[in-house]
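In what follows, a single structure is set out as structure tokens and then discussed.
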Amino acid sequence: MNGPCQPNRREARRGQESVRWNRYAPSTIVDAAFRCGSARPIRRVDRGSFPHSHRLKRLKRRMRRPDRDRIARLFGTALVLTAGLGRSHRAEGQQVPSGFRVELLYRAPDIEHPSAVTCDDEGNLFVGEDPMDMRGPSTEPIDRVLLVRWDARGGPPIKTVFCDKLSAVFGLLWHDGALYVMNAPNYTRLRDLDGDGVADERIELADSFGHPAGAFGLNNHVPTGMRIGMDGFVYVALGDKGLPRAVGRDGSSITVEGGGVFRMRPDATQLEIVSRGIRNNMDVAVDAYDNLFGFDNDDDYGWWMRIVHHVPTGYYGYPYDYRSRREPFLPPIGEFGAGTACGGACYLESAWPETYRGAAFFCDFGERKVECYRMSRRGATFEGAVEDFLVGEDGDAFRPIDLCFSPDGRHLYVADWNEASGGRPESVGRLFRVTYSGDGVAPEPPRARDGDPIDACVRSLGHPARSERLRAQQRLAVAARDAVEPVETLLRDDVRPLVRIHAIWTMHALMDRIADYDASPRWIAALEDGDADVRCQAARALGVRRVRSATEGLERRLADPEAAVRMQAAIALGRIGGKGTADALFAALGEPDPFARFTMVEALRAIADWSSALDALRHGDAESRARIIGVLRGVYAIEAVRTLDGWFQESPDAIDRAAIVRALARVYRHETPYAGGWWGGKAAGGPPPRRPTLFWEGSPTVLAVVTESLVDDEPRVRTAAIEASEDLGDHPFSLDVLRIALTDPDPNVRRAAIGRMVATRDIDGAALLVPILTDTSAPLAVRESVLRAIVTLDAAAHRATIGAIAGSEGVDASLAVVALESLAGTSGDAARDVALKRLTDPQPVLRAKAIEILARCEGDAPTLALIPMLDDSDPAIRQAAAVALPIVLGTAGPTVRTRAATALCDPPDAARLAAYLRTLVDTEPSVRAAARDALVALAPAVREPILALHERDELTPPVREELKRLFAPNSEYAFLRDGRPAKRDPEAYAKYAMENGGDAERGRQLFENTKGVGCAKCHRVGASREDRMGPDLLGVGAKYSRRELVRSVLEPSSRILEDFEMSLITTSGGAIHQGLVRNVTPERIELVTPDGMVVAIATEDVEDRRVSSLSPMPNGLIANMSLTDFADLIAYLESLRHSRGDDRSADTP
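According to our numbering, the stretch in the sequence shown is residues 7 to 1155, in order.
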């Protein structure tokens, strides 16, 4: 829609009037004053004091007597109300560092669900509101932008509705007199032409920045925050719902599957992808040198909340590669545990203390705080240290979602949703302002004005405030030719590096204004500047302009002493292209810095000069050849495939040929191009939405190389071919793999082949592996692989063979343990017989496994067999027998039970208390008598453990009654006569878990017991590609504090992760489906139901879709848990501290 926002006019003016009263006075005063019709606004005075008396007198003189009496009565009540309002608006509960003060400026209903904030050049504040994603509906454009204009004389602010009827507003940018609004899928420019606080001009610059509003429920994981760099580009944070095809006003287009950062000119031209592989960073914090930082959300699969340094061509591994590590990716600056990352910005002004200048500030919605990240250089990237800056008090629903700094640098504005999640009907929201009021900050130099002479703007390029430097850049660009000479002089002569950098980008802007002006010779000269930051920016500018004459100078910078310069040179060369530059980049692949090396690889892929690659392979050493092959891996270009095939045929090096086989297999087939859809919030726990299924012209060459490699002379190459068969999908390789498994002389090749048989579920092949298992001359490693393969593929069919291994004398213990455990799962009687035999094995590990197996059996035989184990020479075996015997003796006959009880109880041992309590209520009198005798003998020693069990209500009623009778004369046990403790409330469980560590192993058993608490029915720990209702808990112990784990179990609905919210879908046929959204495409929605089933619903059949505010995890899980059980469960969750692949950085080839 183009044209003025006329529907806003009346509402805006009404809002303008009401804010003058509502912001500073109770509604009763507002109503009365409006009825009078001539009252001036009443200002609130600090500390809640009454409004200025002279204004009240003036108001009284203007009113009729009846109105004056009515107002007087109202003011009598208002004295108390205004005092309370003043105190609340000072936001005394929010914690900030010393020297800062925080104020609450607005709260609902004056502001609703604030989602984005930014300031104009005068410091007036724009606030985006997002009711679409709270009260909804998320598909209707009901969002709007407010404008708060501050009174320079200290009067009350004026709040107007700047524009409404917008889609989800999550990005605001003020530039050159206009407000740019990212309201995906729209990108809108708004201008107020008459200064009344309402947009008169509305131009939709783009309407394809993402999927339609509400396509996947909430409008999250979409294009959001925007920042402008000194290079004139707008950098946009992109969530992983991606861009199916974003089209700019100039026809430029980009497609991005997943999240990252893209950039464009403010007018939506020159669209480019900056980085990929991010989940949901909602903003881009830009520092003084245009370095880009994002704060990304965690995904509950090991992708922690992280600070990311976004570099052009960067890839960061989400959602699949950070776990599988199949593709190289760049590491984050740092990982910072749990939370919900939201908006952020760098402080680049000069009104706050030096320690904050250059720091990045980010909102953590989940942890209810704003954090300050201080970045310091580490090679081509950064490292960061974090500290809390603005923290909500306990009990306050502080949920910061965006922030911005005023252009004078004095204020930080924070938008607070004041609510835990979307999809709620309540109108909530707050707006805070943080101001530095301490000492120690020198006044900044005067700022120039737009109408000042050119020399004033030139001086402002050295101003300490970035907002003034950028303003000066814009004014100098407008001056056009008159600015060229003074700006070029700055680049040549000024001693301040930052001034020279701004001179570079001012010249860049001048080239847009002056058709025949070329600044590139000055930039090429600046590649030799003595300051590394200047050299970086010169390389950036040359790359942005794609200056071909700069390639020689940029190639020299590939050997620069500073990694950041080498990285920028590589990025520039990749943008410029040209086959002549590939040789220099291939030669530089030994780069030690991972960020610089990554960009060199991406530059080579962009240049795509693969003839140079073959020449480099022929003349390089082993290390350089490995790097070059790594560059070619995964490249879908026939020239790249031919290059790898050529070197495969030429190279005598087995390592090279094996690497080529793996590299080529990756491009056997390719995916269908991304055209829309979203993999959902649980992407890392499932398969990619599109598998490689399409053959292309390189497929025959790939297949020929892999097939040839299966019979290569070198074992390393044969192994690579077997492993590469995974990438060939359903190609019939099974016979070849089996032949190699049975006959290959190399054990590593055989093990690789066996592994592929298991992965492909080759059940028929299991029988052919049995001879290897029974061949004692075969290497142990191969036999172990074969045994595990047979157990996995078809254990029942090979029970006899497995049993023979489990019971054979002289067999390796590791083989026997695997066989015995497998036997127990297929034949309990056979496992019992072998376990009875293994009780006398000289190896403790086999005796322990035998005891474990017998504890699952029943009858006299296992009970009698366990009795001697109480006297084993190994203490661990004795303890294992003492645990197992009470379990199994209940299934034995009376005589055997008596023998077992006597062995347990004579002599008494306090360490066997659990066994005595279990046998104390046995049905056999002699067993009970033995237990009673042992307990009486141990009365002083076991009093404290029994008291603890009593207090935790872990004594069953029958055991409690027996103990009460047994210790009736003993005053030390009087507590037993008090009866069971009262039923505990959740606070008691929380207190106990915080004060007691718990047994993690016992907690694991509780977690996995599907007949008990049943956590494993909905959650997994590290298992992937399995549909469950709850998040993967692998790494949860590192991600959440113990207190948060306790709270999450006791109050599951208090914090529902957005990706695990229950959806209710009603179809046009009247069916109702409930579950978690696993995947959404334009054609269908997939739900995972509470019983783990996947239901596909055609989009056209969906009549209504809602999000439930209740967690799928039920309340009341503690009803059947003791205090010890609960502490043990928390201990287990806390022990889950590591995810797969703890090395967080994946190196490049």
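Every residue gets a Cβ at the ideal spot worked out from N, C-alpha and C, and that includes glycine.
Checklist entry - Is there contact between the region 453-462 and the region 156-163, where contact requires at least three CB pairs shorter than 8 Å? => result Not touching, per the Cβ criterion.
Checklist entry - For A772, which residues of its own chain have a beta-carbon under 6 Å away from its beta-carbon, when the five flanking residues on both sides are left out? => result Counted from its first residue, the sequence shown places residue 772 at position 766. The residues I796, L799 and D800, in chain order, have a CB closer than 6 Å to that of A772 in the same chain once the five nearest residues on each side in sequence are set aside.
Checklist entry - Under a three-way DSSP split, which group does N754 fall into? => result Looking up residue 754 in the sequence shown gives position 748. For N754, the three-state secondary structure derived from DSSP is helix.
Next on the checklist: Suppose you measure from the CA of S1141 to the CA of R477; what does that come to, to the nearest Å?
Outcome noted: Looking up residue 1141 in the sequence shown gives position 1135. Looking up residue 477 in the sequence shown gives position 471. S1141 and R477 have their alpha carbons spaced roughly 53 Å apart.
Checklist entry - Using 8 Å as the Cβ pair cut-off and three pairs as the minimum, do the region 660-679 and the region 639-648 touch? => result Yes: the two stretches touch, three or more of their Cβ pairs being nearer than 8 Å.
Next on the checklist: Using the Cβ count rule (16 or more neighbours within 10 Å means buried), how would you classify S259?
Outcome noted: Position 253 of the sequence shown, counted from the first residue, corresponds to residue 259. By the 10 Å Cβ count, S259 comes out exposed.
Item to check | Closest Cα partner of E993 within the set S382, M138, A1133 and V902 | outcome: Taking the first residue of the sequence shown as position 1, residue 993 is located at position 987. Cα-wise, what sits closest to E993 is A1133.
Checklist entry - Nearest to P694 by CA position, among R329, I1136, A867 and L244, is which residue? => result The residue you call residue 694 lines up with position 688 of the sequence shown. The shortest C-alpha separation from P694 is found at R329.
Checklist entry - When you compare only the Cα positions, how much space is there between G468 and E1106? => result For the purposes of this step, residue 468 is identified with residue 462 of the sequence shown, where counting begins at 1. For the purposes of this step, residue 1106 is identified with residue 1100 of the sequence shown, where counting begins at 1. Separation of G468 and E1106 (C-alpha to C-alpha, rounded to the nearest whole angstrom) is 59 Å.
Item to check | Sub-7 Å separation of D422 and V123 beta-carbons | outcome: Taking the sequence shown and counting its residues from 1, the one referred to as residue 422 is at position 416. Taking the sequence shown and counting its residues from 1, the one referred to as residue 123 is at position 117. Result no, Cβ atoms of D422 and V123 do not sit closer than 7 Å.
Next on the checklist: Using only CA atoms, which one of L336, V1027 and Y186 lies nearest to H316?
Outcome noted: For the purposes of this step, residue 316 is taken as residue 310 along the sequence shown, with counting starting at 1. Checked all of L336, V1027 and Y186; the closest Cα to H316 is L336.
Next on the checklist: I'd like the span of the beta strand (DSSP E) that includes F604, first residue to last.
Outcome noted: Mapped onto the sequence shown, residue 604 falls at position 598. Premise fails: F604 lies in the alpha helix (DSSP H), P600 to I613, not in any beta strand (DSSP E).
Checklist entry - Using the C-alpha atoms, what's the distance from E732 back to G235? => result Taking the first residue of the sequence shown as 1, we reach residue 235 at position 229. Taking the first residue of the sequence shown as 1, we reach residue 732 at position 726. G235 and E732 have their alpha carbons spaced roughly 45 Å apart.
Checklist entry - What are the boundary residues of the alpha helix (DSSP H) that includes D800? => result What you label residue 800 is simply residue 794 of the sequence shown in a count that begins at 1. Segment L786 to D800, the alpha helix (DSSP H) holding D800.
Checklist entry - How big is the Cα-Cα spacing for L821 and I728? => result Within the sequence shown, residue 821 is the residue found at index 815, counting from 1. Within the sequence shown, residue 728 is the residue found at index 722, counting from 1. Within the model, the alpha-carbon separation for L821 versus I728 is close to 25 Å.
Item to check | Coil, strand or helix - C434 by DSSP | outcome: The count along the sequence shown starts at 1 and reaches residue 434 at position 428. A small fix is needed here, since residue 434 is Val in this sequence, not Cys. If DSSP states are grouped into helix, strand and coil, V434 belongs with coil.
Next on the checklist: Can you check which of these residues, Y186, V711 and G686, is closest to E263 by C-alpha distance?
Outcome noted: The residue given as residue 263 occupies position 257 in the sequence shown. Considering only alpha carbons, the answer is G686.
Checklist entry - Going by alpha carbons, who is nearest to A750 out of R724, A936 and M763? => result Within the sequence shown, the letter at position 744 stands for residue 750. In the sequence under discussion, the amino acid at residue 750 is Asp, which differs from the Ala named in the question. The shortest C-alpha separation from D750 is found at R724.
Checklist entry - Closer than 7 Å, CB to CB, is D304 near chain C or not? => result No chain C appears in the structure shown, which is made up of a single protein chain.
Checklist entry - Using the C-alpha atoms, what's the distance from S214 back to I2? => result Outside the modelled stretch of the chain, which goes from 7 to 1155, sits residue 2, for which no answer is possible.
Item to check | Expected contact under 8 Å - CB spacing of G860 and A841 to nearest Å | outcome: Translated into the one-based positions of the sequence shown, residue 860 becomes position 854. Translated into the one-based positions of the sequence shown, residue 841 becomes position 835. The amino acid at residue 860 is misidentified as Gly; the sequence shows Leu. Right, their Cβ atoms sit about 5 Å apart.
Item to check | Separation of V764 from V743, as counted between CA atoms | outcome: Residue 743 sits at position 737 when you count from the first residue of the sequence shown. Residue 764 sits at position 758 when you count from the first residue of the sequence shown. The C-alpha of V764 is placed about 11 Å away from the C-alpha of V743.
Next on the checklist: Pairs of beta-carbons, one from the region 390-398 and one from the region 138-148, closer than 8 Å: are there three or more?
Outcome noted: No: fewer than three Cβ pairs fall under 8 Å.
Checklist entry - What's the gap between the Cα of G203 and the Cα of G350? => result For this step, residue 203 is matched to residue 197 along the sequence shown. For this step, residue 350 is matched to residue 344 along the sequence shown. Just so you know, the alpha carbons of G203 and G350 end up roughly 26 Å apart.
Checklist entry - With a CB to CB cut of under 7 Å and the five nearest residues on each side skipped, what residues in its chain are close to A366? => result One-based indexing of the sequence shown puts residue 366 at position 360. A291, F299, G350, C352, Y379 and M381, listed in sequence order.
Checklist entry - Can you tell me whether DSSP reads C1021 as helix, strand or coil? => result Within the sequence shown, numbered from 1, the residue matching residue 1021 stands at position 1015. DSSP places C1021 in helix when its eight states are reduced to three.
Checklist entry - Does DSSP put A174 in a helix, in a strand, or in coil? => result If you number the sequence shown from 1, residue 174 lands on position 168. Three-state result, A174: coil.
Item to check | Cβ shell of G586 (< 6 Å), same chain only, five flanking positions each side left out | outcome: If you number the sequence shown from 1, residue 586 lands on position 580. Taken in chain order, the list of residues that qualify is empty.
Checklist entry - Counting Cβ pairs, one atom from each stretch, are 3 or more of them under 8 Å apart for the region 871-889 and the region 909-921? => result Counting Cβ pairs under 8 Å, three or more are found: they touch.
Checklist entry - Would you call N1015 buried or exposed, if buried means 16 or more other Cβ atoms sit within 10 Å of its Cβ? => result Here the question's residue 1015 lines up with position 1009 in the sequence shown. By the Cβ neighbour-count rule, N1015 is exposed, with fewer than 16 other Cβ atoms within 10 Å of its own.
Checklist entry - Which whole-angstrom value is the C-beta distance of R439 and F404, which I expect to be below 8 Å? => result In the sequence shown, the residue the question calls residue 439 occupies position 433. In the sequence shown, the residue the question calls residue 404 occupies position 398. Not confirmed; about 14 Å, so no contact.
Checklist entry - Would D246 pass as a contact of G265 if the rule is Cβ separation under 7 Å? => result The residue labelled residue 246 in the question sits at position 240 within the sequence shown. The residue labelled residue 265 in the question sits at position 259 within the sequence shown. Cβ atoms of D246 and G265: closer than 7 Å.
Checklist entry - Nearest-angstrom Cα distance between R551 and D237? => result As a first step, residue 551 is located in the sequence shown; it is residue number 545 there, counting from the start. As a first step, residue 237 is located in the sequence shown; it is residue number 231 there, counting from the start. Cα to Cα, the separation comes out at about 11 Å.
Checklist entry - I think G596 touches I117, with their Cβ atoms under 8 Å apart; what is that distance to the nearest whole Å? => result Taking the sequence shown and counting its residues from 1, one reaches residue 596 at position 590. Taking the sequence shown and counting its residues from 1, one reaches residue 117 at position 111. Wrong, their Cβ atoms sit about 56 Å apart, outside the cutoff.
Next on the checklist: Please report the straight-line C-alpha distance between A252 and V823, rounded to a whole angstrom.
Outcome noted: In the sequence shown, counting from the first residue as 1, residue 252 sits at position 246. In the sequence shown, counting from the first residue as 1, residue 823 sits at position 817. The alpha-carbon atoms of A252 and V823 are separated by roughly 58 Å.
Next on the checklist: Assuming H956 and L982 are in contact, meaning their beta carbons sit under 8 Å apart, how far apart are those beta carbons, in whole angstroms?
Outcome noted: Here residue 956 is taken as the residue at index 950 of the sequence shown, counted from 1. Here residue 982 is taken as the residue at index 976 of the sequence shown, counted from 1. About 7 Å; that satisfies the 8 Å criterion.
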